[in-house]
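As structure tokens, the structure follows; a few thoughts come after it.
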Amino acid sequence: MVIQQDKIVEKYSDYIVVGGGASGCALTNKLLNADQSVTLIEAGYSHHNFLLDAPAGFFKLVNDSKYATYHKTNPQKHLGNRENIVPQGNVLGGGTSINAQVYMRGREEDYNEWNDILRVNNDNVKWDWETVLSYFKEMENNSRLKNKYHNNTGKLKVHIVITRPKEDSFNLIDNLIKLGHSVTHLPVIKIEKLETETIPLLLASKHINDDYKTILIYLHLDGQPVDLSKWNQENPFIPVFKLNEDGNFIDYDPSKLKNISYDTLEENDIRIFARSSSDAKGPVMMLIQAIKFMNLNNIDQKFNIKLVMDFEEEKGSPSLPSAVKKYSDLLKSDALLIFDGPQHQSDLPTLNFGNRGISQITLKTYGPVVPQHSGHFGNYAPNPVFRMSNILSSMKDENGIVKIKGYYDGITISEETRKYLDDVPDNEENMLSKMQFKKAELVGNSYQEAMQFPSLNVRGIKAGWVEDEVRTIVPSECIAEIDVRLVIESDGYRLHDLIKKHIESLGYMILDHEPSKEERMKYDKIVKFNSSVSYPAFRTEIDSDLGNWLSNTLIKTFDVKPVLKRTSGGSVPISPFVNTLNIPAVGVPTVNKDNNQHSPNENIKLLNYIKGIETFIGILSSEFN
């Protein structure tokens with residue numbers, strides 16, 4: 001029966017489609033376009049709920065929600081006799097409404113296997129991958145891809161988020177703002193979007209008392225890309241619990257956590273594996289859970305909060321310096337806390353009082369204008385790889401100490417500083433064993449002392465072809481990518497100038513562009529030199545008001561003295577806040593050191609996650625004078 005505008009226009013339909021999800025609607029549309037009459041049957045709750053459109057709301061829908069129905073299989077022997085859960089949408093719009101609109105086709109092998117099975121009784125039916133792929137492509141309207149596997153002319157829109165225009169790419173922030181305003185137990189939170197040259201920042205403020213000081217908290221929510229083939233789980237974007245058994249991580253049933261004790265977590269290494277689990281979605285969730293716990297248990301917050309969320313940290317936060325200047329009045333605070341990075345290897349509570357800055361240099365040396373046959377022109381055409389090697393090797397001695405005059409100027413290690421450095425319980429023998437090299441460079445007398453000096457690191461070299469693609473040629477050019485980690489005593493632009501002058505002293509002509517033929521014929525040795533400074537270092541005195549407050553708070557929370565690190569080796573974009581707002585800053589890392597951040601199988605220890613929540617509660621409930 002077909003009804004239009006409350007009138008029966010047809011008594012019967014050619015087809016009945018059950019389910020108004022993506023597949024049901026696509027099939028119905030195709031039948032209607034073929035002039036067939038169709039009855040579409042759908043059931044479920046109304047889809048008019050902003051959580052259905054908010055990426056952050058997805059997690060509230062799939063757990064104990066009226067919008068999802070969980071069907072269970074019989075116990076499966078290949079799953080350790082566990083039941084397999086099959087979630088289905090219980091909402092108008094079907095499963096796509098509760099699965100964050102993820103678009104998945106299935107495995108090629110499955111389609112080919114189905115084809116083999118079906119051909120037994122249906123010789124005219126084809127379910128092989130190549131056949132089915134043609135239908136996928138016919139339907140697909142991909143926002144980014146058109147190739148052998150994808151198409152952009154169909155009616156089923158497939159959006160790839162990372163390539164959306166920046167003006168509409170960050171609906172996530174708008175959804176987070178909606179979500180924040182909808183949380184009834186946090187009525188005093190103010191959430192706003194801070195527009196930048198690229199992706200906006202998110203600012204959340206919770207003002208308690210005019211007499212309280214205000215602390216700015218920095219977190220970032222972006223993550224590194226993943227190589228799906230390198231992960232030991234089907235989907236890195238879906239968290240998986242695993243138990244460490246003698247260095248081997250095996251699947252762990254999270255339902256067992258209901259009856260687990262704190263002591264058990266101390267004894268058992270249970271982890272959550274997922275993209276960005278440690279860097280840095282874990283700390284974000286720690287803060288959310290801490291605030292929720294404090295509100296439910298009537299624990300008072302002892303200072304005003306301003307939380308700034310960065311969505312481009314993994315790209316170097318290119319718009320952050322100008323944004324901090326633009327919104328300095330909104331960001332005005334008395335101190336800054338950074339919840340990023342791993343704890344000390346001892347797993348003790350840790351405080352980082354500084355981070356090195358970072359800058360980049362790209363060098364290029366030149367040989368023949370195009371690669372030449374090494375048999376014909378070896379011993380004749382200058383090889384740019386040897387020229388680059390000579391340049392790089394001239395910068396450091398065999399102990400790793402930079403030989404460029406003035407590179408370490410202004411850096412001294414006082415007795416008081418050395419005491420702080422020596423108090424850090426590093427196990428350098430274990431560090432060398434894990435990284436498998438016998439001897440460390442001798443820039444400092446220890447790992448902690450080495451972090452007090454600017455580094456000079458070659459992070460990549462490219463020339464010619466290697467391995468299966470190797471060719472007997474003299475390369476035309478050689479490129480070296482260098483990063484220089486900065487300390488507060490070293491200015492990045494000054495160090496770049498020293499490096500440039502050093503290369504000039506070796507007889508090279510320095511250019512900032514590709515050499516012309518005239519320049520190639522005029523100068524014997526040419527180096528193209530390009531550089532930039534991302535952001536400088538910052539450091540707060542350990543024996544400062546902020547340092548003493550945090551140290552005492554962690555002692556009170558965990559009954560153990562925290563590890564106090566003067567300078568952390570990694571670089572975080574904090575100096576714009578410190579320099580522009582003129583406030584002290586301290587990092588409070590909470591995740592485990594062995595978390596594989598930026599790498600396949602990134603993880604966070606469940607114990608670290610819980611202790612991180614405790615850390616936030618301890619800090620938030622401690623008065624900052």
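Numbering (the numbering used here), first residue to last: 1 to 625. Where is the CB? At the ideal position from N, CA and C, for every residue including glycine. Owing to the predicted nature of the structure, the values given are computational and were not obtained by experimental measurement.
For Arg271, the enclosing beta strand (DSSP E) covers residues Ile270 to Phe273. Around the Cβ of Glu398, a 10 Å sphere holds fewer than 16 other Cβ atoms; the residue is exposed. Annotation: the continuous beta strand (DSSP E) that includes Pro87 extends over Ile85 to Gly89. DSSP places Ser359 in the uninterrupted beta strand (DSSP E) bounded by Gly357 to Tyr366. The beta-carbon distance between Leu581 and Leu331, rounded to whole angstroms, is 6 Å. This is short enough to meet the 8 Å contact definition. Contact annotation: Ile583 and Phe538 have beta-carbon atoms that are not nearer than 8 Å.
When DSSP states are grouped into helix, strand and coil, Arg459 belongs to the strand group. Leu506 is bridged by DSSP to nothing; it lacks a bridge partner. Taking C-alpha positions only, Ile215 is separated from Gly507 by approximately 53 Å. Each residue's CA atom was taken as its position, placing Val533 and Ser359 some 4 Å apart. Counting only the Cα atoms, Val424 lies some 18 Å from Ala440. Counting only unbroken stretches of 4 or more residues, the alpha helix (DSSP H) elements lying wholly within the segment 505-549 are 517-522, in sequence order. DSSP places His376 in the uninterrupted alpha helix (DSSP H) bounded by Ser374 to Phe377. For Leu320, the closest C-alpha among the options Thr590, Asn595, Phe577 and Ile16 is that of Phe577. A straight line joining the alpha-carbon of Thr73 with that of Tyr149 spans about 33 Å.
Contact between the segment 469-477 and the segment 370-382 is present, with at least three C-beta pairs closer than 8 Å. Setting aside the 5 residues that flank it on each side, Gly95 is surrounded in the same chain by Gly21, Gln88 and Gly89, each with a C-beta closer than 7 Å to its C-beta; the list follows chain order.
Residue pairing from DSSP places Cys478 in a beta bridge opposite Thr365.
For the alpha helix (DSSP H) assignment, the uninterrupted runs of no fewer than 4 residues enclosed by the segment 283-326 are, from N- to C-terminal side, 320-326. In the DSSP assignment, Ile238 falls outside any alpha helix (DSSP H), carrying neither H nor E. Approximately 7 Å separates the beta-carbon atoms of Tyr212 and Lys302; this is inside 8 Å, confirming the contact.
In the DSSP annotation of this structure, Glu140 is not part of any alpha helix (DSSP H); the continuous beta strand (DSSP E) holding it starts and ends at Glu140 to Asn142.
Taking a cut-off of 8 Å on C-beta distances, the segment 551-564 touches the segment 615-623, as three or more cross pairs fall below it. Just so you know, the alpha carbons of Ile574 and Pro536 end up roughly 9 Å apart.
Around the beta carbon of Gly410, fewer than 16 other beta carbons sit within 10 angstroms, so the residue counts as exposed.
Excluding the 5 residues flanking it on each side, Ser621 has same chain C-beta neighbours closer than 8 Å at Met294, Ile299, Asp300, Gln301 and Lys302, in chain order. Here Glu602 is buried. Its C-beta has 16 or more other C-beta atoms within 10 Å. Asp116: member of the alpha helix (DSSP H) spanning Glu108 to Leu118, first to last residue. Residue pairing by DSSP places Phe249 opposite Asn244 in a beta bridge. For Glu192, the three-state secondary structure derived from DSSP is strand. Within the same chain, no residue comes within 6 Å of Ala34 by CB-CB distance, once the 5 residues on both sides are set aside.
Checking the DSSP bridge columns, you'll see Thr39 partnered with Ile16.
Taking the Cβ atoms as the reference, Leu351 lies roughly 17 Å from Ala280, outside the contact range of under 8 Å. DSSP places Leu331 in the helix class (H, G or I) of the three-state scheme. Taken through DSSP and simplified to helix, strand or coil, Gln452 comes out as coil.
Going by DSSP, Leu348 is part of no beta strand (DSSP E) at all; its letter is neither H nor E.
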